[in-house]
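Residue numbers (the numbering used here): 20 to 206. Input: a single structure, listed below in structure tokens.
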Amino acid sequence: MSNGNHHETVQVEEGEEIPDVNYELNRFPCAVVYQPFPPLTWLFPLIGHMGIADSQGRVHDFQGPYTIIQDRMMLGRATRYLPLDPNQIRARSMEDESNLQRWDACIALGDAEYSRRTHNLLFDNCNHHVVHCLNVMQYNGGSYHGCFTLWLWMFFCGRFVGFRGFLITLFPFLLAYGALVAMLLVF
Numbered sequence: 020m021s022n023g024n025h026h027e028t029v030q031v032e033e034g035e036e037i038p039d040v041n042y043e044l045n046r047f048p049c050a051v052v053y054q055p056f057p058p059l060t061w062l063f064p065l066i067g068h069m070g071i072a073d074s075q076g077r078v079h080d081f082q083g084p085y086t087i088i089q090d091r092m093m094l095g096r097a098t099r100y101l102p103l104d105p106n107q108i109r110a111r112s113m114e115d116e117s118n119l120q121r122w123d124a125c126i127a128l129g130d131a132e133y134s135r136r137t138h139n140l141l142f143d144n145c146n147h148h149v150v151h152c153l154n155v156m157q158y159n160g161g162s163y164h165g166c167f168t169l170w171l172w173m174f175f176c177g178r179f180v181g182f183r184g185f186l187i188t189l190f191p192f193l194l195a196y197g198a199l200v201a202m203l204l205v206f
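And the structure:
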């Protein structure tokens with residue numbers, strides 16, 4: 020992975036091809052992406068800023084009131100990503116489209132909905148936008164996705180964007196809790 024590209028083999032319909040993950044271009048096709056949200060992530064590494072990428076890898080990011088930005092995350096580059104399988108979309112209203120077309124159409128529907136919403140730190144934030152897109156897709160057969168399950172899914176199944184992604188994501192947390200444990204042991 021020295022060139023920053025990572026190939027995910029996901030079989031999609033004939034004639035469809037998912038581009039490779041490209042770390043340098045911050046492209047993560049058909050994936051949920053994550054970046055730390057300091058200082059919140061330093062204390063709770065499950066929680067961070069998230070976006071969802073279309074079939075070409077462009078990240079769709081709910082950054083503020085009525086604002087969806089494509090291809091530029093609010094806090095810089097993604098540090099983790101969770102590759103998803105477009106074959107797991109079960110949205111029935113789009114059965115005539117290919118899986119990648121359905122993936123992109125569901126993200127477009129999520130973007131349209133969230134471009135009419137205000138943003139707030141606790142409710143209707145970037146995590147809710149990603150969850151809404153997954154629910155529109157009926158990803159994995161249902162509309163049951165929520166922020167907490169998304170956080171757990173990313174924490175336990177997400178991949179780091181190289182060693183740099185690991186350090187940026189978890190080093191502050193490990194340092195803070197290491198210092199806390201050291202203080203408890205000393206005092």
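Note that beta-carbon positions come from the ideal geometry of N, C-alpha and C, so glycine has one too.
Residue i versus the options, residue with shortest Cα-Cα distance
i: Gln75; options: Leu171, Asp123, Thr86; result: Asp123
i: Leu44; options: Thr86, Leu65, Tyr53, Arg91; result: Arg91
i: Cys49; options: Phe81, Gly95, Leu119, Pro64; result: Leu119
i: Ile87; options: Leu171, Asp143, Thr168; result: Asp143
i: Asn159; options: Leu193, Arg111, Met69, Pro64; result: Arg111
i: Leu140; options: Gln157, Ser117, Cys166; result: Cys166
i: Phe192; options: Leu62, Tyr53, Glu116; result: Leu62
Cβ-based burial, residue i [other Cβ within 10 Å; buried from 16]
i: Asn22; result: The predicted model places Asn22 with a pLDDT of 46, which falls under 50 and marks its position as unreliable; any figure quoted below should be read in that light. So Asn22 ends up on the exposed side.
i: Cys176; result: exposed
i: Pro84; result: exposed
i: Val40; result: buried
i: Asp130; result: buried
i: Arg183; result: exposed
i: Gln157; result: buried
i: Leu194; result: exposed
i: Thr60; result: buried
i: Leu199; result: exposed
i: Asp115; result: exposed
6 Å CB neighbourhood of residue i in its chain, flanking five on each side removed
i: Phe179; result: Arg99, Phe185
i: Arg46; result: Gly76
i: Tyr196; result: none
i: Phe81; result: Ile87, Tyr133, Cys145, His148
i: Met20; result: Annotation note: pLDDT 39 at Met20 (below 50); position unreliable, no value reported.
Residue i: first and last residue of the uninterrupted alpha helix (DSSP H) it sits in
i: Ile126; result: 118-133
i: Tyr53; result: Careful: Tyr53 lies outside any alpha helix (DSSP H), inside the beta strand (DSSP E) at 50-55.
i: Met69; result: Unbroken run through Met69 is the beta strand (DSSP E), 67-72; no alpha helix (DSSP H).
i: Tyr196; result: 181-205
i: Leu153; result: 145-156
i: Leu62; result: 59-62
i: Leu171; result: 166-176
Own chain, CB closer than 7 Å to residue i, minus 5 neighbours either side, in chain order
i: Glu132; result: His151
i: Met93; result: His68, Asp80, Gln82
i: His26; result: Caution applies to His26, whose pLDDT of 49 falls short of 50 and renders its modelled position unreliable; the model cannot decide the point.
i: Phe187; result: Position check: residue 187 holds Ile in this sequence, whereas Phe was assumed. Only Pro55, Thr98 meet the Cβ criterion.
Chain C within 8 Å of residue i, Cβ atoms only
i: Ser112; result: Among the chains of the structure shown, chain C does not appear; only one protein chain is present.
CB-CB length for residue i against residue j, believed under 8 Å
i: Pro58; j: Gly67; result: Not really, about 12 Å apart at Cβ, beyond 8 Å.
i: Met173; j: Val51; result: 6 Å
i: His164; j: Leu153; result: 4 Å
i: Leu189; j: Val155; result: With 8 Å as the limit, Leu189 and Val155 do not qualify as a contact, their Cβ atoms being about 31 Å apart.
i: Leu65; j: Leu171; result: 7 Å
i: Ile37; j: Ile126; result: About 14 Å separates the two Cβ atoms, so there is no contact after all.
i: Arg121; j: Ile108; result: 5 Å
i: Tyr42; j: Gly181; result: 6 Å
Own chain, CB closer than 8 Å to residue i, minus 5 neighbours either side, in chain order
i: Glu35; result: Ser117, Asn118, Leu119
i: Leu203; result: none
Near the ligand FAD: residue i beta-carbon under 7 Å from a heavy atom
i: Ser112; result: The model on display carries no ligand, and the ligand FAD is accordingly not part of it.
Residue range of the beta strand (DSSP E) that includes residue i
i: His138; result: No beta strand (DSSP E) contains His138, which DSSP labels as neither H nor E.
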